[in-house]
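Undergrad: Quick one: the structure is below, questions incoming.
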């Protein structure tokens, strides 16, 4: 195996793949990166217990030669050391592997040798049915995931809640995350009529958001029994799917409300942020919201020995009953308010023990539910 | 006690003072910030076991009113909560304290209450002799400290080595730091003829560098038996002095060398950085340097089971013997090379067991010594 490669292209691919690989994998070979040199391209693969990333570096890019494969082959090499080496090399890289899996990496007057693993021992990629897939604009998909992933359960007691639920149905994709106290939902129209659902680990979602954040490309989504795969031109991300039945979402979302108020999102966010200053020390970041005179809302925390803080904000509008007093987890409210990007939002209440619903004004593509805290 | 203050001025001063205050101080009052409101200014004081910072906010700044003291007084208030509150307030702050040390902080429709401590219980500032001081350009002082502080001992067995030695003599200030394996020295001419020395904790040096980094002002240095104080227009930093006798420096610096080589600093730095890649895993970051053919230097680490790296760099010049093989701690060499800012530097050797001396070419204001590692 032998190739010459542009330093930047190799470095970027190795670092992107290498950063998901754990140094302390169960088998030493799994803490490595697999490199496959073929006539027309170089493939770089790394994995961890949740996911596999595959990057393809084509021979030519923008008309200039990126990689020249002199002798095809494959090798697995420590992700940590390969990443450190390529970061520190100054120039075009000459990469060779001998019959004993000894790797030599040269650049200018610098020569490094690493002991590799036989690529035959590296696990195969999951097999995917490539006849059916869902194409999505990467910007839309990433936005939907950012609007939901923060709301997954951090607790492993119900593993299925630690992932984001993907539900394809009636020409729509709905993404949902919940920890059973709060819920985030985002939905968009898609161009394919498929019916299927799966739950994707939040770790995968976070990696996908980082990996595909800057592309304006289409991402094709492939789903099999145990895996989901996201593919853009040069990148494939395979992830395992979480096992278990996801809660029935529609049943959880209240349809009628006693009161709906409209507020400036940023002003409310700042107010809740201030209120959690003292609440966080004590119980569940508990923040009290109280409607006043049908035109204002008082935001306060219970306070501690150290002190307390409270403030009053004006509503932009109100519908329904004009009296309400409710306590919520301020941290959850802050996260929902940050996920919403619109200037004005609505909060709907059905009473002090019923969940609060947050939505952008006039849009149905996103909602957040937060159950109150007992006072 | 009652005052109205510009939000930004108050926030900046509180955060700057507050960040040195420990939440877990020995006495609860020491985790507080002392605020003194007088007719003409507001003073804010915070401290930890090494140092005290005092910031003064004058009534007027650049012609506009910054603070209006309606009723003089003083109070001590939790550094953590005061910092968090002022960060989150939007606008001009109205600050009052009642007779029970209850503090109310208001801004727009936001009101926060905190329980304060009586200012009488807060320790007094160290008494300094203000008749003699050394004025220095802050830029010069901060530069000297950055060139040395990294070399202090991280080990408490000889506490005096954990600080930077200030030696004023013959119209010069010399700053030195050493951990007995490597040493950094920086010296400059000063305008005052004083003779005195003291050792300042590295923690103080780091805080001073942050606090005064952006001023182009003069810093006046005051020294008493147990304290050193650095004063700029609005800020005073008091620090305790470390007790103990500092090693006799001049004896440590070799005066004659077998070989002196000249090199490009950045290129050498990158080479050593690469070489430590594998050395760091094993012993003392050991990096081998070997002169070759009187014109090149080979840089390599011993390597591990995982791999190895080596490279050859050209010298810019050489004087003296043309053969040398030496091993040093690559980490120490990297730090010395980073402290030097010049493009070209010299390295002087007196044999494989004698310290290496690094200097900028043609300048005597800075030097670094590094003892070799036994091979």
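Chains as they are written, first to last, in the working numbering: chain A, 1 to 375; chain B, 376 to 750. Beta carbons are placed, not taken as given, at the ideal position from N, Cα and C, and that holds for glycine.
(1) Output the distance between the C-alpha atoms of residue 322 of chain A and residue 291 of chain A, rounded to the nearest integer angstrom.
(2) Kindly indicate which three-state DSSP category residue 376 of chain A falls into: helix, strand or coil?
(3) Do the stretch 489-508 of chain B and the stretch 296-309 of chain A meet, that is, are 3 or more Cβ pairs less than 8 angstroms apart?
(4) Buried or exposed for residue 248 of chain A, going by 16 or more other Cβ atoms inside 10 Å?
(5) Can you give the Cα-Cα distance for residue 707 of chain B and residue 86 of chain A, rounded to whole angstroms?
(6) With the cut-off set at 8 angstroms, would you say residue 246 of chain A and residue 126 of chain A are in Cβ contact?
(7) Check whether the Cβ atoms of residue 182 of chain A and residue 369 of chain A sit closer than 8 angstroms, and answer yes or no.
(8) Please check if any C-beta of chain A sits within less than 8 angstroms of the C-beta of residue 416 of chain B.
(9) At least one CB of chain B closer than 8 angstroms to the CB of residue 64 of chain A: is that the case?
(10) Would residue 432 of chain B pass as a contact of residue 509 of chain B if the rule is Cβ separation under 8 angstroms?
(11) Using C-beta distances below 8 angstroms, list every residue in its chain close to residue 709 of chain B, excluding the 5 sequence neighbours before and after it, in chain order.
(12) Here's the rule: buried if 16 or more other CB atoms are within 10 angstroms of the residue's CB, otherwise exposed. What is residue 255 of chain A?
(13) Quick check on the DSSP output: what are the complete beta strand (DSSP E) runs of length 3 or more inside the stretch 510-589 of chain B, in order along the chain?
(14) Starting from residue 308 of chain A, trace the beta strand (DSSP E) both ways and give me its first and last residue.
(15) Distance, Cα to Cα, residue 676 of chain B vs residue 560 of chain B?
(16) Hey, quick one: how far does the alpha helix (DSSP H) through residue 29 of chain A stretch, first residue to last?
(17) Does the stretch 212-229 of chain A come within contact of the stretch 37-44 of chain A, defined as at least 3 CB pairs closer than 8 angstroms?
(18) Could you please give the first and the last residue of the uninterrupted alpha helix (DSSP H) stretch that includes residue 275 of chain A?
(19) What is the C-beta distance between residue 174 of chain A and residue 167 of chain A, in whole angstroms, given that I count them as a contact (C-beta under 8 angstroms)?
(20) Cβ of residue 48 of chain A less than 8 angstroms from any chain B Cβ?
(21) For the pair the stretch 144-162 of chain A and the stretch 710-726 of chain B, tell me if three or more CB-CB distances fall below 8 angstroms.
(22) Since residue 10 of chain A sits in a beta bridge, which residues does DSSP pair it with?
(23) Kindly list the residues whose CB is nearer than 8 angstroms to the CB of residue 535 of chain B, restricted to its own chain and excluding five residues on each side of it in sequence; keep chain order.
(24) Beta carbons nearer than 7 angstroms to chain A: which residues of the stretch 468-493 of chain B have them?
(25) Take residue 70 of chain A as the anchor and find which of A/28, A/95, A/152, A/108 has the nearest alpha-carbon.
(26) Could you tell me which chain B residues have their CB closer than 8 angstroms to the CB of residue 88 of chain A, listed as they occur along the chain?
(27) Apart from the five residues on each side of it in sequence, which residues of its chain come closer than 6 angstroms, Cβ to Cβ, to residue 449 of chain B?
(28) Do residue 110 of chain A and residue 639 of chain B have their CB atoms nearer than 8 angstroms?
(29) Could you pull the DSSP bridge partners for residue 675 of chain B from this structure?
(30) Whole angstroms is fine: what's the gap from residue 714 of chain B's alpha carbon to residue 512 of chain B's?
(31) Could you check if residue 670 of chain B is buried or exposed, using at least 16 other CB atoms within 10 Å of its CB as the buried criterion?
(32) Using a Cβ-Cβ cut-off of 8 angstroms, state whether residue 73 of chain A counts as contacting chain B.
(33) With 8 angstroms as the threshold, decide whether the Cβ of residue 456 of chain B is near any Cβ in chain A.
(34) Confirm, please, whether the CB-CB distance from residue 421 of chain B to residue 392 of chain B is below 8 angstroms.
(35) Can you say whether residue 586 of chain B is buried or exposed, counting buried as having 16 or more other CB atoms within 10 angstroms of its CB?
(36) How about residue 105 of chain A and residue 76 of chain A: do their beta carbons lie closer than 8 angstroms?
TA: Result, derived from the coordinates:
(1) Spanning the two alpha carbons is a distance of roughly 7 angstroms.
(2) No information on residue 376 of chain A is available, as it lies outside the stretch 1 to 375 that chain A covers here.
(3) Touching, yes.
(4) Residue 248 of chain A is exposed by the Cβ-count criterion.
(5) Cα to Cα, the separation comes out at about 23 angstroms.
(6) No, they are not a contact pair.
(7) Yes. Within cutoff.
(8) It does not; no Cβ of chain A falls within 8 angstroms.
(9) So, not an interface residue.
(10) Not a contact, by the Cβ cut-off of 8 angstroms.
(11) Excluding positions up to five away in sequence, the list reads 644, 647, 648, 651.
(12) Exposed, because fewer than 16 other Cβ atoms sit within 10 Å of the Cβ of residue 255 of chain A.
(13) Fully enclosed beta strand (DSSP E) runs of 3 or longer: 538-544, 547-553, 557-564, 571-576.
(14) Membership of residue 308 of chain A in the beta strand (DSSP E) is indicated by the continuous run 307-314.
(15) The alpha-carbon atoms of residue 676 of chain B and residue 560 of chain B are separated by roughly 28 angstroms.
(16) No residue range can be given for residue 29 of chain A, since it is assigned to no alpha helix (DSSP H) and is classified by DSSP as neither H nor E.
(17) These segments do not touch.
(18) Segment 265-279, the alpha helix (DSSP H) holding residue 275 of chain A.
(19) Yes, they are in contact, since the Cβ atoms of residue 174 of chain A and residue 167 of chain A sit about 4 angstroms apart, within 8 angstroms.
(20) With 8 angstroms as the cut-off, residue 48 of chain A does not count as an interface residue toward chain B.
(21) Taking a contact to require three or more Cβ pairs closer than 8 angstroms, the stretch 144-162 of chain A and the stretch 710-726 of chain B do not qualify as touching.
(22) Note: residue 10 of chain A sits in no beta bridge, so no partner.
(23) Excluding the 5 residues flanking it on each side, residue 535 of chain B has same chain C-beta neighbours closer than 8 angstroms at 574, 617, 618, 619, 620, 621, in chain order.
(24) Those residues of the stretch 468-493 of chain B that come within reach of chain A (Cβ to Cβ, closer than 7 angstroms) are 484, 485, 486, 487, 488, 489, 490.
(25) Of the listed residues, the one whose Cα sits closest to residue 70 of chain A is A/95.
(26) Residues of chain B with a Cβ closer than 8 angstroms to the Cβ of residue 88 of chain A are, in chain order, 645, 648, 649, 652.
(27) Within the same chain, Cβ atoms closer than 6 angstroms to the Cβ of residue 449 of chain B are found at 411, 494, the five residues on either side in sequence being excluded.
(28) Residue 639 of chain B is positioned such that its CB atom lies no closer than 8 angstroms to that of residue 110 of chain A.
(29) Bridge partners of residue 675 of chain B: B/663, B/685.
(30) Rounded to whole angstroms, the separation of the alpha carbons of residue 512 of chain B and residue 714 of chain B is 19 angstroms.
(31) Exposed.
(32) Chain B has no Cβ within less than 8 angstroms of the Cβ of residue 73 of chain A.
(33) It does; some Cβ of chain A falls within 8 angstroms.
(34) Closer than 8 angstroms, so yes.
(35) Looking at its Cβ environment, which holds 16 or more other Cβ atoms inside 10 Å, residue 586 of chain B is buried.
(36) No, these two residues do not count as a Cβ contact at 8 angstroms.
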